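These notes concern the structure reproduced below.
Number of protein chains: 2
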Amino acid sequence: MIEDMSNFPSALEKLVEQFASLPGVGGKSAQRMAFYILRLSDNEAKAFADAIIQAKKQVHRCSVCQNLTDRAVCPICSGSKRDVSVICVVSDPKDVAAMERSREYNGHYHVLHGVISPMNHVGPDDIAIKELLKRVNGGEVREVIMATNPDTEGEATAMYISRLIKPLGVKVTRIAYGIPVGSNLEFADEATLFRALEGRREM
Amino acid sequence: MIEDMSNFPSALEKLVEQFASLPGVGGKSAQRMAFYILRLSDNEAKAFADAIIQAKKQVHRCSVCQNLTDRAVCPICSGSKRDVSVICVVSDPKDVAAMERSREYNGHYHVLHGVISPMNHVGPDDIAIKELLKRVNGGEVREVIMATNPDTEGEATAMYISRLIKPLGVKVTRIAYGIPVGSNLEFADEATLFRALEGRREM
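Now the structure itself:
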């Protein structure tokens, strides 16, 4: 709920509304954030606004793995030291960051940007599956590791993709249930992610 | 703590840092907010950035009561229907909004923008006390209601100001302890604020 702002100038009201639209931000927090902005110097406030504009302008999907990047091809895809024969499929850019923190994985990634979810009207064509199939069809890929979250939709998405890839003669594995079932890949610690990678099994 | 963002493009990193600088926002929340911005349309993101710039540009202190406004003199100070002989002194613009919600007060306000706090190096000259004294010296004021928060610093500030104003022959009152001691004026409900105004006593 947004607090009654009728006693504040409209420019302040609008800023509070913008902050209140952010995920996990209520009316009181949005008000506190807006007052914080007013206490910044003009330059600091401009830097904040610029950060929004620049992130929107510069950040887009890597043309290969679909992870977020400010280049045409992201550093992981363009790096020569990584194993091109393995692709780890995740649902979210945050999951790539989580996997990289484990320092145990040296292959490539593919970011789906979501999971198949009929409840939320997200079908196979709404996430980056066809881009993955194109890469797998390229011939260099030996193994695809499905690292979607171990929840219902993540499982179903992994299953759906594995059925498309296995006929192409490519090995499809699923990260092991080292990750607590029902939790979120993003919040897993390095050790758990390592065990999950080690214990992966063929689908 | 800000999450390791080394695998994200720098424009995204910068945006996460900006959100993480907001009060009450941790690393994970800042990341979620930044990703939310990336999912906005270009126009929506621009509107967010503009809201920051415009709030900074348009919102400033009322030349009379020091409350935040986008005019030279705020609507309360320029309104003819309000009792100019009473000034309610609060520490924060949010407190004016809280008092107005109670709909029981028809006088004017004065916003100090802080309280005297030696621990935080805030002295009497760092808050809008001299602007208040100027108004009281103007001759129209009959009563000053001290409505700073009922905590140590709010009490000390009320006491300090009352000692400056009483010699001028103006009545100084303190809102009653209807508000639970140690809590925050901003979170008080209308009924409590009403009782606090009614039960005010001379200082």
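Those sequence lines, one after another, are chains D and H.
So the first sequence is numbered by our numbering: it starts at 1 and just counts up by one.
So the second sequence is numbered by our numbering: it starts at 1001 and just counts up by one.
Quick reminder that beta carbons are idealized off the backbone N, C-alpha and C, glycines included.
As the structure is a prediction and not an experimental result, all values here were calculated from the model.
Roughly how many angstroms lie between the CA atoms of residue i and residue j, to the nearest whole one?
{"i": "H/F1048", "j": "H/L1012", "result": "16 angstroms"}
{"i": "D/H110", "j": "H/C1065", "result": "58 angstroms"}
{"i": "D/D83", "j": "H/F1019", "result": "35 angstroms"}
{"i": "D/E104", "j": "D/A196", "result": "11 angstroms"}
{"i": "D/A45", "j": "D/R174", "result": "45 angstroms"}
{"i": "H/D1042", "j": "D/S41", "result": "26 angstroms"}
{"i": "D/N137", "j": "H/L1022", "result": "46 angstroms"}
{"i": "H/S1102", "j": "D/S91", "result": "49 angstroms"}
{"i": "D/L168", "j": "D/R135", "result": "12 angstroms"}
{"i": "D/Q26", "j": "D/L15", "result": "Per the sequence shown, residue 26 of chain D should be read as Gly rather than Gln. If you take the alpha carbons of D/G26 and D/L15, they lie about 13 angstroms apart."}
{"i": "H/F1194", "j": "H/C1077", "result": "21 angstroms"}
{"i": "D/E131", "j": "H/A1030", "result": "29 angstroms"}
{"i": "D/D151", "j": "D/K81", "result": "32 angstroms"}
{"i": "D/E17", "j": "D/G24", "result": "13 angstroms"}
{"i": "D/S115", "j": "D/T157", "result": "Strictly speaking, residue 115 of chain D in this sequence is Val, with Ser absent from that position. D/V115 and D/T157: Cα-Cα distance of roughly 6 angstroms."}
{"i": "D/A51", "j": "H/E1143", "result": "48 angstroms"}
{"i": "D/E190", "j": "D/E100", "result": "9 angstroms"}
{"i": "D/P124", "j": "D/F187", "result": "26 angstroms"}
{"i": "D/V89", "j": "H/R1039", "result": "21 angstroms"}
{"i": "D/M119", "j": "D/N184", "result": "19 angstroms"}
{"i": "D/T69", "j": "D/I127", "result": "18 angstroms"}
{"i": "H/A1097", "j": "D/K28", "result": "12 angstroms"}
{"i": "H/P1093", "j": "H/K1166", "result": "25 angstroms"}
For residue i, report the span of its alpha helix (DSSP H) as first-last.
{"i": "D/M146", "result": "That residue, D/M146, is in no alpha helix (DSSP H); its beta strand (DSSP E) goes 143-146."}
{"i": "H/K1130", "result": "1129-1137"}
{"i": "D/F19", "result": "10-20"}
{"i": "D/A176", "result": "First-last for D/A176: undefined, no H or E at that position."}
{"i": "D/R32", "result": "27-39"}
{"i": "D/M203", "result": "Here D/M203 belongs to no alpha helix (DSSP H), and DSSP marks it neither H nor E."}
{"i": "D/V96", "result": "93-101"}
{"i": "D/A188", "result": "Premise fails: D/A188 is in no alpha helix (DSSP H) and is neither H nor E."}
{"i": "H/E1155", "result": "1152-1165"}
Does the beta-carbon of residue i have 16 or more other beta-carbons within 10 angstroms, so that it is buried, or is it exposed?
{"i": "D/R67", "result": "The question names Arg, yet the displayed sequence has Asn at residue 67 of chain D. Per the 10 Å Cβ criterion, buried."}
{"i": "H/P1009", "result": "buried"}
{"i": "H/R1071", "result": "exposed"}
{"i": "H/D957", "result": "Since the first residue shown for chain H is 1001 and the last is 1203, residue 957 of chain H is missing from the structure and cannot be characterised."}
{"i": "D/G154", "result": "buried"}
{"i": "D/M33", "result": "buried"}
{"i": "D/S162", "result": "buried"}
{"i": "D/V141", "result": "buried"}
{"i": "H/V1059", "result": "buried"}
Which partner residues does residue i have in the DSSP bridge list?
{"i": "D/Y109", "result": "D/C88"}
{"i": "D/K171", "result": "D/E143"}
{"i": "H/R1061", "result": "H/L1068"}
{"i": "D/Y122", "result": "In the sequence as displayed, the identity of residue 122 of chain D is Val instead of Tyr. According to DSSP, D/V122 bridges with D/S117."}
Taking the beta strand (DSSP E) that residue i falls in, what are its first and last residues?
{"i": "H/K1081", "result": "Counting along the chain, H/K1081 falls outside any beta strand (DSSP E), and DSSP gives it neither H nor E."}
Whole-angstrom Cβ separation of residue i and residue j, contact assumed at under 8 angstroms?
{"i": "D/G107", "j": "D/I87", "result": "6 angstroms"}
{"i": "D/L133", "j": "D/L112", "result": "So it is not a contact: roughly 12 angstroms between Cβ atoms."}
{"i": "H/K1057", "j": "D/I37", "result": "The Cβ separation is near 11 angstroms, so there is no contact."}
{"i": "D/V172", "j": "D/M203", "result": "5 angstroms"}
Is there at least one non-hydrogen atom of the ligand GTP closer than 6 angstroms to the beta-carbon of residue i?
{"i": "H/V1141", "result": "Ligands displayed in this structure: none; no statement on the ligand GTP is therefore possible."}
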